[in-house]
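Here is the structure we will look at.
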Amino acid sequence: MANLNQDQNRDQWSSKVGFVLAAAGSAVGLGNLWRFPYTAGQNGGGAFVLVYFAILVLVGFTLMLAELIIGRHTQLNAVGAYRKIRENWGWVGGIGVLASFLILSFYSVIGGWVLNYIVKSLTGAFTVPNVDMADMFVGFITNPTEPILYHAIFAFLTLGIVMGGISGGIEKYSKILMPSLFVMMFLIMIRSVTLPGASEGIKFFLAPDFSKINGQVMLAALGQVFFSLSLGMGVIITYGSYLSKDENIPQNSLIIPLVDTGVALLAGLAILPAVFALGFSPDQGPSLLFITLPAVFAEMPLGSFFALLFFILVLFAALTSSISLLEASVSYVVDEYHWNRKKTSLTLGLIAFTLGIPSSLAQGVWSHIRPFRDLDILDSIDFVASNVMLPLSGLLLCLFIGWVWGIDNALKEATNNGKISFKLAPFWAFLIKWVAPIAILVVFIQGLRS
Numbered sequence: 001m002a003n004l005n006q007d008q009n010r011d012q013w014s015s016k017v018g019f020v021l022a023a024a025g026s027a028v029g030l031g032n033l034w035r036f037p038y039t040a041g042q043n044g045g046g047a048f049v050l051v052y053f054a055i056l057v058l059v060g061f062t063l064m065l066a067e068l069i070i071g072r073h074t075q076l077n078a079v080g081a082y083r084k085i086r087e088n089w090g091w092v093g094g095i096g097v098l099a100s101f102l103i104l105s106f107y108s109v110i111g112g113w114v115l116n117y118i119v120k121s122l123t124g125a126f127t128v129p130n131v132d133m134a135d136m137f138v139g140f141i142t143n144p145t146e147p148i149l150y151h152a153i154f155a156f157l158t159l160g161i162v163m164g165g166i167s168g169g170i171e172k173y174s175k176i177l178m179p180s181l182f183v184m185m186f187l188i189m190i191r192s193v194t195l196p197g198a199s200e201g202i203k204f205f206l207a208p209d210f211s212k213i214n215g216q217v218m219l220a221a222l223g224q225v226f227f228s229l230s231l232g233m234g235v236i237i238t239y240g241s242y243l244s245k246d247e248n249i250p251q252n253s254l255i256i257p258l259v260d261t262g263v264a265l266l267a268g269l270a271i272l273p274a275v276f277a278l279g280f281s282p283d284q285g286p287s288l289l290f291i292t293l294p295a296v297f298a299e300m301p302l303g304s305f306f307a308l309l310f311f312i313l314v315l316f317a318a319l320t321s322s323i324s325l326l327e328a329s330v331s332y333v334v335d336e337y338h339w340n341r342k343k344t345s346l347t348l349g350l351i352a353f354t355l356g357i358p359s360s361l362a363q364g365v366w367s368h369i370r371p372f373r374d375l376d377i378l379d380s381i382d383f384v385a386s387n388v389m390l391p392l393s394g395l396l397l398c399l400f401i402g403w404v405w406g407i408d409n410a411l412k413e414a415t416n417n418g419k420i421s422f423k424l425a426p427f428w429a430f431l432i433k434w435v436a437p438i439a440i441l442v443v444f445i446q447g448l449r450s
């Protein structure tokens, strides 16, 4: 059992910028690149973006602040944080920590695919005459050994960064990875929007069509917000636990979702104009990253260079997410069992790698194994973690803040005991008690039915 009177030697973020970049990095992941642009284009373009932005402020900001409040107040991991405030609520944090660890196991597999495509970009594999991108992708992921090798490399990159701690590892590398990601994405966006015919892609992504806005579209926007921001995973509580007591957390809670949305918008402008300009159909999911875009780069002037730039960008997005997923469980073990960080990072990293092997094999030799709803192993783990555990964790967070611990206690922490102004406090209180839990419950039910 952890000592709930946390000692003064706990690692902390060395700067506000470092924290914001790390927290935004945890939110910026593959979903920003392969899901948001397509979802926006299919659901009213600019109208969807406006709905998304409104829900981002109403729900994303609300839950982000709630998690940061709990983390900073307790200076503990997600399990210890809930338990310190209410002894019998530790299991709620456990749901998030377990979900993040399960997601890490298959996220690392996909990170390995990205590494392989960096190698392919370097060797000119996309520019070979008459190459079939779909055959190339399927041939790679169904190989029983090669994807596991790349999965291992990605897993060791992740645990290596987490081993370095907060200021010396996660913050240090986030300060490099996140600005680099923005620069590379901006360069690719400039190249993409200046291609002949790119305007069709911009129109698909951003031209508002308010006739498409209905309950289903609002639900799609709500789901995108929830799953994009690392909410319910124990990650933001954990990152919040390393904040100083002087930090303005309401302000940070607004900045992080805005940075995440900025990346999603840049991704849409980097990807969709090029897809349309070169005559391809927009898609979502892995096929967009690993089949459609390599084909786009193959047709583009300086395509090999931009393919390499793009997949390095994707690697950085995947890494900033994976280190936060691992940190949630590392923080739990370090706090609760007093293991040293290096031993914990290595042990949990190896366990996550091992758990990921079935997800890798599920693309080939184990593709016949369907644990849940005719989904393969990877998709089954994703469904349970993303559609069940995360919404449940988020719903319980709202109930905990709004009805168990209490709004007054939460606002004392949010305002640094009244030292900073938080004019939106009554609005936030209403959102966390009523709006957010109802919205999450709707997403939860829809996710189970989908």
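Under the UniProt record's numbering, the first residue of the sequence shown is numbered 1, with each subsequent residue one higher.
Positions of the beta carbon are idealized from the N, C-alpha and C atoms, including for glycine.
Beta carbon of residue i nearer than 8 angstroms to that of residue j
| i | j | result |
| --- | --- | --- |
| A10 | Q284 | What sits at residue 10 in the sequence shown is Arg, not Ala. No, the Cβ-Cβ distance between R10 and Q284 is not below 8 angstroms. |
| L56 | V235 | no |
| L115 | T320 | no |
| L431 | L58 | yes |
| A385 | L102 | yes |
| L110 | L30 | Checking the sequence shown, residue 110 turns out to be Ile, not Leu. Contact: yes. |
| A362 | D376 | yes |
| L378 | F61 | no |
| P208 | A410 | no |
| V296 | L278 | yes |
| T292 | A78 | no |
| S121 | F311 | yes |
| M184 | L313 | yes |
| F444 | L396 | no |
| L195 | R72 | no |
| A267 | N32 | yes |
| I420 | I148 | no |
| N252 | L68 | yes |
| G175 | L63 | With the sequence shown as reference, residue 175 is identified as Lys, and Gly is not the correct amino acid for it. Cβ distance not < 8 angstroms, so K175 and L63 don't count as in contact. |
| M300 | S100 | no |
| I161 | Y150 | no |
| V28 | I213 | no |
| residue 457 | F227 | Because the chain spans 1 through 450 in this model, residue 457 falls outside it and cannot be assessed. |
| N416 | K245 | yes |
| V333 | L346 | no |
| F106 | S359 | yes |
| S192 | S26 | no |
Of the residues the options, the one placed nearest residue i, counting alpha carbons only
| i | options | result |
| --- | --- | --- |
| P250 | G406, I70, L288 and V114 | I70 |
| L399 | V49, A66, S345 and K16 | A66 |
| P294 | V183, F137 and A318 | F137 |
| A155 | Q446, N340 and A318 | A318 |
| M163 | V330, A429, V404 and F353 | V330 |
| N143 | F353, S367 and Q12 | S367 |
| G18 | I351, L350, E247 and A429 | E247 |
| G406 | A429, T415 and L229 | A429 |
| S324 | S14, S15, A24 and K16 | A24 |
| F140 | W403, P426 and G364 | G364 |
| T344 | L326, S359, L355 and T354 | L326 |
| Y38 | L392, L355, W339 and S281 | S281 |
| T127 | L346, Y337, E413 and F306 | F306 |
| L269 | F210, F182 and V404 | F182 |
| S241 | F427, N387 and Q75 | Q75 |
| Q12 | S360, S211, V334 and E171 | E171 |
| V442 | S287, T261, F53 and G223 | G223 |
| V263 | S180, I213, G215 and K212 | S180 |
| Q446 | A414, L355, G215 and S192 | G215 |
| L341 | S230, G402, L159 and L231 | According to the sequence provided, residue 341 is Arg. The question's Leu does not apply to it. Of S230, G402, L159 and L231, the residue nearest in Cα terms is L159. |
| L302 | G402, Y337, K412 and G124 | G124 |
Paired residues, beta bridge with residue i - DSSP
| i | result |
| --- | --- |
| F372 | L375 |
Start-to-end residues for the alpha helix (DSSP H) that takes in residue i
| i | result |
| --- | --- |
| P37 | F36 to Q42 |
| T238 | V235 to G240 |
| P437 | A436 to R449 |
| H151 | E146 to M163 |
| T123 | Per DSSP, T123 belongs to no alpha helix (DSSP H) and is neither H nor E. |
| K412 | I407 to A414 |
| K175 | E171 to V193 |
| L313 | G303 to Y337 |
| V28 | Unbroken run through V28: none, as it is neither H nor E. |
| S393 | L390 to L399 |
| T347 | R341 to L361 |
| T74 | F61 to T74 |
| D135 | M133 to I141 |
Do the segment 79-96 and the segment 212-220 meet, that is, are 3 or more Cβ pairs less than 8 angstroms apart?
no
Using 8 angstroms as the Cβ pair cut-off and three pairs as the minimum, do the segment 264-277 and the segment 199-213 touch?
yes
Using 8 angstroms as the threshold, is the segment 166-174 in touch with the segment 136-150, meaning 3 or more CB pairs across them?
no
When the Cβ atoms of the segment 361-372 are set against those of the segment 23-43, are three or more pairs found closer than 8 angstroms?
no
Is it a yes or a no for the segment 423-440 touching the segment 93-107, going by three-plus beta-carbon pairs under 8 angstroms?
no
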